[in-house]
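So the sequence shown is residues 707 to 1154, counted in my numbering. Some notes on the structure that comes next.
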Amino acid sequence: MLRYLRQLALLTVLLAGYAVFTLAQGNGNELLFPLKDKESRNKADRHTFEAEAANLIGGASKVFDSSASCGFTARLDEPGDGIRFSNLPDAGKLAIRYASVEVGTISVAVNGQPIRKVNVHSSGDLTSSFLYAITDIEPEITAYPFQTETSIADWHYRTGQKYMEAKKVIELLMQNVSRNGTMLLNITQKGRGDLDPEVIRICKDVGAWLKMNGEAVYGSRPFEVFGNDTVCYTRNHGYVYATLLDWNGSPISLGSLRTGSSTLGKVSKVELLGSNLVIDFVQDEKGLTITPVGLVRSLSGIDDQSLASKCRVLRITHNKDWINDDDPGVIAPGWLRKCNLGSGDYNNDLTTSNSPGDVWTCSFSGTKNSVIAPKEPGAGKIEVQIDDKTRVIADLSITGTRQAQEVVCEISDLTTGRHTIRIINRGLGPVSVDAMIVKEENKEYRSE
């Protein structure tokens, strides 16, 4: 779950659809922001912001309500109505206390980050009956996995309830996966355990989409950036995947996939999953511009045409292949994951250790292994073992400017087949593991 929201300065809450919705102020209806540090969380400290203090957006209005602590609520009747808070402190979790007479969603945006949809359930009345909507909004890629729980409608079945569309389910899923998260989706059942035909259709659409595009999801890892509200990036088996969330099939430029990236190499091929359509591309310092050669047809077997046509995945082949420090199979007890570093390391992340004796290990197939790590002033030494034999002790300390993506060990006499590498912190300062580049018979290894 969310550990913190950094530099929280602006919160916008918008009514996205369906529900008539009110926000009351003070103890009646509130926005709660528990402080991000561990001590504050243990004390259950929180910041409360009254709806009356927010700026109104669209047709939002302040309405007298005797059940609110200070006598007012902020009422959002139509899609686009909203409230805006400015200059809020750092925080970790958002709780909105509201009243609603229908099921729907609200959109929550923090500091211009991708919009997060939050389910709204019926409290039975617009006054005197309130519920809480609590959401964890990951502002960036997290060092460790998290899980988001949401529901396709009310958590408990209600006759006539409205369901989250399949396209929205995929959008939320990819916003989580691209940040190192997973998503638990509650499928609301009737009392006998059966499902409405509509929700069955939605689930089948989600399944059909994942069957064609699942390689961008299952077993994937975050890329060096997660993307934005129109594209989500992941990586898997050496490929980079760009999941387009609202694409109309026209040429599009992806700025994060430009030349000169710390992680992405020279792009040699772009493919559209679920299609044989040729994709032309140009990669330069401004980004990767892709142009379909012909009409982009919708994915087959999906009833939700918005999902079938607008949510598409690009598989991108490039020449800078590596095994990252947190890829599947890596075991590193006692080491600390760090990401979003902006220091030129592979995938913008590192696995670090401050304790001599800590071991980082994984298995690989190949005849040549190059260990990549940063060198910097005050760093310690690492011992590299292959199949329990010490091959080198590398000093990661240098004088002068920090050097990222340094080849600190290169072993080229390995036999064909599987091997196990162990990297051990040998002290004298902190050490980091960035990546490995593995080759076999003059071919770069692409993990499977």
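Backbone N, C-alpha and C define an ideal beta-carbon position, used for all residues, glycine too.
Whole-number beta carbon distance between residue j and residue i, since they are thought to touch under 8 Å
i, j, result
"Val965", "Gln989", "Looking at the sequence provided, one finds Thr at residue 965 rather than Val. Sure, about 6 Å apart at Cβ, within 8 Å."
"Asp1031", "Ala1141", "6 Å"
"Met880", "Leu951", "7 Å"
"Ile1143", "Ile1078", "7 Å"
"Lys1081", "Thr1023", "With 8 Å as the limit, Lys1081 and Thr1023 do not qualify as a contact, their Cβ atoms being about 30 Å apart."
"Val814", "Ser828", "About 19 Å separates the two Cβ atoms, so there is no contact after all."
"Arg1040", "Ser1061", "The sequence given here places Gly at residue 1040; Arg does not occur at that position. Yes, they are in contact, since the Cβ atoms of Gly1040 and Ser1061 sit about 6 Å apart, within 8 Å."
"Gly1138", "Leu1056", "Checking the displayed sequence, the identity of residue 1138 turns out to be Ser instead of Gly. The Cβ separation is near 4 Å, so the contact holds."
"Tyr1073", "Thr1126", "It is Thr, not Tyr, that sits at residue 1073 in the sequence shown. That pair is no contact at about 15 Å."
"Met1179", "Thr854", "The structure shown does not extend to residue 1179, since the chain is modelled only from 707 through 1154, so no value can be given for it."
"Val999", "Gly955", "Going by Cβ atoms, the distance from Val999 to Gly955 rounds to 11 Å, so no, they are not a contact pair."
"Pro957", "Ile893", "The pair is not a contact, with the Cβ atoms about 38 Å apart (cut-off 8 Å)."
"Ser806", "Val826", "5 Å"
"Lys768", "Phe778", "5 Å"
"Ala1113", "Ser1059", "For clarity, residue 1113 is Val in the given sequence; the question names Ala instead. Actually they do not touch by this definition, with Cβ atoms about 19 Å apart."
"Pro1027", "Gly944", "Correcting the residue type first, residue 1027 is Asp in the shown sequence and not Pro. About 5 Å separates the two Cβ atoms, so the contact holds."
"Thr949", "Val1019", "5 Å"
"Leu1086", "Leu1134", "A small fix is needed here, since residue 1086 is Gly in this sequence, not Leu. So it is a contact: roughly 4 Å between Cβ atoms."
According to DSSP, residues forming a beta bridge with residue i
i, result
"Val976", "Ile1022"
"Lys896", "In the DSSP output, where bridge partners are listed per residue, Lys896 has none listed."
"Thr997", "Asp986"
"Ala1141", "Asn1030 and Ile1078"
"Leu762", "Ile789"
"Gln679", "In this structure the chain extends from 707 to 1154, so residue 679 is not present and cannot be described."
"Glu1116", "Ser1076"
"Glu846", "None; Glu846 has no bridge partner."
Residue range of the alpha helix (DSSP H) that includes residue i
i, result
"Arg941", "Per DSSP, Arg941 belongs to no alpha helix (DSSP H); it is in the beta strand (DSSP E), Val937 to Asn942."
"Asn882", "Ala872 to Val883"
"Arg907", "Pro903 to Asn919"
"Lys1016", "Gln1011 to Lys1016"
Limits of the beta strand (DSSP E) - the one that residue i falls within
i, result
"Ser828", "It is not in any beta strand (DSSP E) - Ser828 carries neither H nor E in the DSSP assignment."
"Lys992", "First-last for Lys992: undefined, no H or E at that position."
"Ala792", "Residue identity differs from the one stated: residue 792 is Ser in this sequence, not Ala. From DSSP, the beta strand (DSSP E) with Ser792 extends over Gly788 to Ser792."
"Ala1100", "Lys1095 to Asp1101"
"Ser767", "Ser767 to Phe770"
"Lys868", "No beta strand (DSSP E) contains Lys868, which DSSP labels as neither H nor E."
"Thr888", "Gly887 to Asn892"
"Thr854", "Phe852 to Ser857"
"Gly1035", "That residue, Gly1035, is in no beta strand (DSSP E); it is neither H nor E in DSSP."
"Arg1128", "Arg1124 to Asn1131"
"Glu930", "Arg927 to Gly933"
"Arg1003", "From DSSP, Arg1003 is part of no beta strand (DSSP E); its letter is neither H nor E."
"Glu1089", "Lys1087 to Ile1092"
"Arg781", "Phe778 to Leu782"
"Thr949", "Tyr945 to Leu950"
"Ser959", "Ile958 to Leu960"
Contact test: residue i Cβ vs the ligand PLP heavy atom, cutoff 7 Å
i, result
"Glu784", "Within the structure as shown, the ligand PLP is missing, as the structure has no ligands at all."
Cutoff 8 Å: residue i Cβ touching any chain B Cβ
i, result
"Asp1032", "Here chain B cannot be found, since the structure has a single protein chain."
- Message: Runs of 3 residues minimum, wholly inside the region 1040-1076: which ones carry the beta strand (DSSP E) assignment?
- Response: 1042-1045, 1055-1059 and 1065-1071
- Message: Three or more C-beta pairs under 8 Å: does that hold for the region 934-945 against the region 902-913?
- Response: no
- Three or more C-beta pairs below 8 Å linking the region 1123-1133 and the region 1057-1072: yes
- Item | Cβ contact (3+ pairs, closer than 8 Å) linking the region 1006-1014 and the region 1043-1061 | no
- Query: Three or more beta-carbon pairs under 8 Å between the region 783-795 and the region 759-767, yes or no?
  - Reply: yes
- Sufficient close CB pairs (3 or more, under 8 Å) joining the region 976-987 to the region 909-929: yes
- Task: Could you tell me whether the region 937-948 touches the region 883-898, using the rule of 3 or more Cβ pairs below 8 Å?
- Result: Touching, yes.
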